[in-house]
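Below is one structure, written out as structure tokens; comments come after it.
In the working numbering, the protein residues as written are 17 to 277.
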């Protein structure tokens, strides 16, 4: 209740470490539960003679296409940006291997891409608040697979003014946000516009401060990582590292094998 204590709570290393461990355990529980339920649903569909995708086992897609998931995340973030700011920067995707596929949980990957795209779009729109949509610099996305390091790397670069050096470490703190406290969304209080209609159904662009920490947890859960490099006054580069699972590893168990057993 004391606003002066908020920064002390946000920067508490013990609390942030606890939240990291708690949320990592929650991700594991959610994955196991979701995997079990989805596999049972797939088994039921197989018994009823309904068609199944052989590349999907539970929540895991053995032929996950990062370009498709990135495009879906961009579409979702674009709608949110246009609803919030009335404009949105273009997004360019560069991918050398257009047939790239690897085993991953699509919903987790979508969450990471969606949060990073929201951050980039918000930064560009607010940094150039008086610019028109056509004048906004495009966000650049590069997707590269390295056989040598067994990594899939996704870089998302924007020209949204960057992050100050004093805030670079704070971006990984839970509940930290660059939005002023008065403009932050509330989970308990409803908001109404000037016409009196409720805006509860409108998702906030940012403000809760959980997007980046949770995205890093999602990345690290399967041995990847998330790094952010910023040039204050210019823009920010976010690097998502994901493990490249070789065909021999991912084909040991297929959806058909599991459902037939």
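The beta-carbon is built from N, C-alpha and C at its ideal position, and this holds for glycine as well.
Below 8 Å on the Cβ atoms is my guess for residue i versus residue j; work out the distance and round it to an integer in Å.
i	j	result
residue 16	residue 246	Residue 16 lies beyond the range of the chain shown here (17 to 277); nothing can be said about it.
residue 257	residue 240	5 Å
residue 105	residue 154	6 Å
Is the separation between the beta-carbon of residue i and that of residue j shorter than 8 Å?
i	j	result
residue 134	residue 253	no
residue 123	residue 48	no
residue 79	residue 71	yes
residue 141	residue 86	no
residue 249	residue 173	no
Just the Cα atoms here: how many angstroms apart are residue i and residue j?
i	j	result
residue 121	residue 131	16 Å
residue 69	residue 56	15 Å
residue 36	residue 228	12 Å
residue 28	residue 163	39 Å
residue 41	residue 150	44 Å
residue 98	residue 129	18 Å
residue 61	residue 50	16 Å
residue 238	residue 161	16 Å
residue 236	residue 188	14 Å
residue 233	residue 39	8 Å
residue 115	residue 125	17 Å
Count the other C-beta atoms from every protein chain shown that fall within 10 angstroms of the C-beta of residue i, then say buried if there are 16 or more, exposed otherwise.
i	result
residue 67	exposed
residue 242	buried
residue 185	exposed
residue 138	buried
residue 63	exposed
residue 165	exposed
residue 95	exposed
residue 107	buried
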